[in-house]
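> If you read the sequence shown in UniProt numbering, its first letter stands for residue 1, the second for the next number, and so on. Before anything else, here's the structure in question.
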Amino acid sequence: MLHYTHYVEKLRRWRGKLFVLHSICIFLLWCSWLFILFNDVKDYLPIVVNVNKFLYATYTHNKINIIFCFFAYVPIFYLITIIPCRICYSFTFDLLFFILRIAIFSVYYLITVKNYILIDNIFMIASSIVGSIFIFVIRYIIEIQRRLAFHSWNKQIKQINTLKSNLKEQKEKLSLTNIEEIFNLINDCIGNYCNTNEHLEEKNISVVNNLKKILTILKEDNLFSPDSKFLNRKKYNHIYAYIMDVNRNKTLSENKEPFKDVTEEFKEESETESLMESISEERSKTKIDEKSKMYSKNDEFNVKKEMDMNLKCDNVNLDIWNTSFLNNETLNEDIFIHIGNKLLKMYYTTNHNIPSETLYSLLYEMKNGYNNVPYHNSIHAAMVTHHCNVLVSNLNTANILRDNELGALFVASLGHDIGHFGRTNIFLKNCCNFLSIIYNDKSILENYHCSYLFNILLKDENNIFKNEDPKCLLALRQQIIELILATDMSKHIKILAQFRIKSIKIKSYIEKNIILCLKMIIKAADLSHNCVDWSEHYQWVKRLVNEFYYEGDELFQMGYKINPLFDRNCHNNFIQIQRTFLKELVYPLIISLKTLDNTSITQDMINNVKRNYSKWTKIEKCQIKKKKYLNELLCNIPDNWARVYYPNLNIYKTQKK
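In structure tokens form, the structure reads like this:
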């Protein structure tokens, strides 16, 4: 009976209907019994009939005993065998029939006793009460057993589903790059070798097969690139084409396969000195452009005064993830300065006796270095910095990082997109832009942002790290460079694979692990507009898609092939592209970052991603909503979004001696 409990439990919604049906049947049977009973005893009744004689005549035929017993025990039998209802309901039913049976038996037997007490009547009353109590107790013992059995079954089902889900996530997570596949195969070999249940011959065959697979993978050009077969299985694989920068120098007349040279694009970068090293050596000779001339020593107090007037952003809580940056009536242009000032003072400048004027000057010039493009603007930088702070405060890195490393992290997040002019690395490569020539097509924009940032940071009036010793300053500079370069989406898969393989659990200070963790943090913060509430997420998406489409329009005018991400003629597919981006890139990143989390911050991010994904899915399924949201993404666009900006090449000019 316990085996079938869960099947009966699924039918509990029919419990009330069955009980009503049973009550109707009881009523019909009682009416039938009264009619039959009267016909049976009417011939034995005297002329003067009273209740006593009627009941006594009925009692002599013993038919009423059978009827009473039947109606006394059938409901209990029904409850025990057919409806294993919950105790709160069964208690009402059992108590009702228990009282009813005692009342019927007691009244009947007391009336039929007449002038003397019959032993059999007393025995029947006592046995009825004892039997009722026994059935009542047994009923609840069986019910408790059923509850325990069902609870155990339900718990096991949930555990099995959780294991299946984790296994599925693990398979998807560990099959993205070649190096992860090798890592898996080696672990499988170790597991097979340690398995005592398998025969030696089976172990050897399994290990040999895994080694053959490893040798095949090692023939690939790059271990950190996804398998081309894996990419071609993806429905919207042009997302991977975008993040791997494979759309190089293709005109509209060309029809090359999008993943023909994927592995060539992912060849391992040699650790050479960047161009920024030589530029920083000449920082004393750097020509100050027209924007920076306003920051002379005579204007320091004016800058401080203006900064104090602008720092009216107290509604921003630095400890809350879901902070609104766009979903307001008016944009808060000063939020960049407010967040930068508050965080750098809290973690660095106050402890190192850095004058407030120096910090104000740095933040103000950095803010002016951002262009008013739709997405990659100073508000985006403020959001990334805010989310970096929330992540660092809640992950295992909180008590490990030194104050100067935290200062470097926030400077990197504030300046990670400085000077951005609304175009991507693909655009710069296709156009053979001056920046692509300088940086040899390697993380063009990210290197440009680094150069721009250090051009500002290393000025005496802006240098908040000037009290650090040269060795520490070099390490902080290297940290800032690595973190900004990590925001290049072409490095996304590589960084994610490195983090997964190392399975980092920070328990002590290990510099390489710290840098890798900070890369994951700044990457998660850079994509954090996907991990916030829907209203805020939708506003950021609207800005980003329009920035992409303006780039696509310019590429089309120049005669280059357009990736569907940048083609406004493919706008009808945008929702599916967005869903794929959330599922394939954002979600795995947050899941991996969860290994560092002792709080609920990453789970909150995951929940927001899932909700946004679900919202896009619902919109995709409803054609009316889909048309509405797609139109809204391209409607009510400010005129300044279409403005064309150019890179600030003054940062590369030097003054003659």
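Beta carbons: idealized from backbone N, C-alpha and C, even for Gly.
Kindly indicate which three-state DSSP category Asp533 falls into: helix, strand or coil?
It is coil, neither helix nor strand.
> Could you tell me the alpha carbon to alpha carbon distance between Arg611 and Arg402, rounded to whole angstroms?
So the two alpha carbons sit approximately 36 Å from each other.
> In this structure, what does DSSP give as the bridge partners for Asp597?
Beta-bridge pairing links Asp597 to Leu395.
> Please go through the same chain and pick out, in chain order, the residues whose beta-carbon is closer than 8 Å to the beta-carbon of Asn648, but skip the five residues on each side of it.
Closer than 8 Å at Cβ, skipping near neighbours: Asp289, Gly369, Gly419 and Tyr452.
> With C-beta atoms as the reference, is Ile217 less than 8 Å away from Glu181?
Against a cut-off of 8 Å, the Cβ pair of Glu181 and Ile217 comes out as a contact.
> Please classify Tyr347: does DSSP put it in a helix, a strand, or coil?
Tyr347: helix per DSSP, three-state reduction.
> Can you tell me the Cα-Cα spacing of Lys471 and Ile514, whole angstroms?
If you take the alpha carbons of Lys471 and Ile514, they lie about 18 Å apart.
> Is the CB-CB distance between residue 663 and Ile601 below 8 Å?
Residue 663 lies beyond the stretch modelled for the chain, which goes from 1 to 657, so this question has no answer here.
> Is the separation between the beta-carbon of Phe374 and that of Asn546 shorter than 8 Å?
Reading the sequence as shown, one finds Pro at residue 374 and not Phe. In contact: Pro374 and Asn546 (Cβ atoms closer than 8 Å).
> Let's test the definition: count the other Cβ atoms within 10 Å of the Cβ of Gly422 and tell me whether it reaches 16, buried, or not, exposed.
Burial call: buried.
> Spell out the partners DSSP gives Tyr538 in its beta bridges.
DSSP output for Tyr538 lists no bridge partner at all.
> Decide if Met605 is buried, meaning its Cβ has at least 16 other Cβ atoms within 10 Å, or exposed.
Buried: at least 16 other Cβ atoms inside 10 Å.
> How big is the Cα-Cα spacing for Gln557 and Asn563?
So the two alpha carbons sit approximately 14 Å from each other.
> In or out: Tyr646 buried (at least 16 other Cβ within 10 Å) or exposed?
Exposed.
> Take His537 as the anchor and find which of Thr323, Ile522, Leu21 and Thr162 has the nearest alpha-carbon.
Ranking the options by Cα distance to His537, first place goes to Thr323.
> Excluding sequence positions up to five away, which residues of its chain have a Cβ less than 8 Å from the Cβ of Lys502?
Taken in chain order, the residues that qualify are Asn513 and Leu516.
> Do the segment 335-350 and the segment 425-432 meet, that is, are 3 or more Cβ pairs less than 8 Å apart?
The answer is no - the segment 425-432 does not touch the segment 335-350, with fewer than three Cβ pairs under 8 Å.
> Going by the DSSP bridge assignment, what does Tyr448 pair with across the sheet?
DSSP output for Tyr448 lists no bridge partner at all.
> Is it right to say Ala382 is buried, meaning 16 or more other beta carbons lie within 10 angstroms of its own, or is it exposed?
Result: buried.
> Which same chain residues, not among the five before or five after Ile651, have their C-beta less than 7 Å away from its C-beta?
Excluding sequence neighbours, Ile651 sits near Ser451, Tyr452 and Asn455.
> What is the DSSP secondary structure of Tyr560, reduced to helix, strand or coil?
Tyr560 falls in the strand class under three-state DSSP.
> Excluding the 5 residues preceding and the 5 following Ile637 in the sequence, name in chain order all residues of the same chain whose CB lies nearer than 8 Å to its CB.
These residues qualify, in order along the chain: Asn546.
> Hey, would you say residue 658 sits closer than 8 Å to Leu409, going by beta carbons?
The first residue shown for the chain is 1 and the last is 657, placing residue 658 beyond what the model contains.
> To the nearest angstrom, how far is the alpha carbon of His151 from that of Gln159?
Cα to Cα, His151 sits roughly 12 Å from Gln159.
> What does the alpha-carbon distance come out to for the pair Ile437 and Ala524?
Cα to Cα, Ile437 sits roughly 30 Å from Ala524.
> In three-state DSSP terms, what is Ala486?
Looking at Ala486 - three-state DSSP - the assignment turns out to be coil, as it is neither helix nor strand.
> Just curious, the alpha helix (DSSP H) that His492 is in, first and last residue?
Residues His492 to Lys502.
> Excluding the five sequence neighbours on either side, which residues of its own chain have a C-beta within less than 8 Å of the C-beta of Ala398, listed in chain order?
These residues qualify, in order along the chain: Val392.
> So for Tyr439, helix, strand or coil by DSSP?
Residue state, collapsed to three classes: coil.
> Comparing alpha-carbon positions, which option in Leu395, Tyr439, Asn447 and Ile400 lies nearest His416?
Closest option to His416, Cα to Cα, is Asn447.
> Count the other C-beta atoms from every protein chain shown that fall within 10 angstroms of the C-beta of Ile186, then say buried if there are 16 or more, exposed otherwise.
Counting Cβ neighbours within 10 Å, Ile186 comes out exposed, since fewer than 16 surround it.
> Would you tell me roughly how many angstroms separate the C-alpha atoms of Thr595 and Arg500, rounded to the nearest one?
About 9 Å.
> Comparing alpha-carbon positions, which option in Thr162, Phe325 and Asn161 lies nearest His529?
When only C-alpha atoms are compared, the closest one is Phe325.
> Excluding the 5 residues preceding and the 5 following Asn598 in the sequence, name in chain order all residues of the same chain whose CB lies nearer than 7 Å to its CB.
So the list reads Asn396, once near-sequence residues are dropped.
> When the Cα of Ile480 is compared with those of Leu527, Val532, His449 and Asn607, which residue comes out closest?
Ranking the options by Cα distance to Ile480, first place goes to His449.
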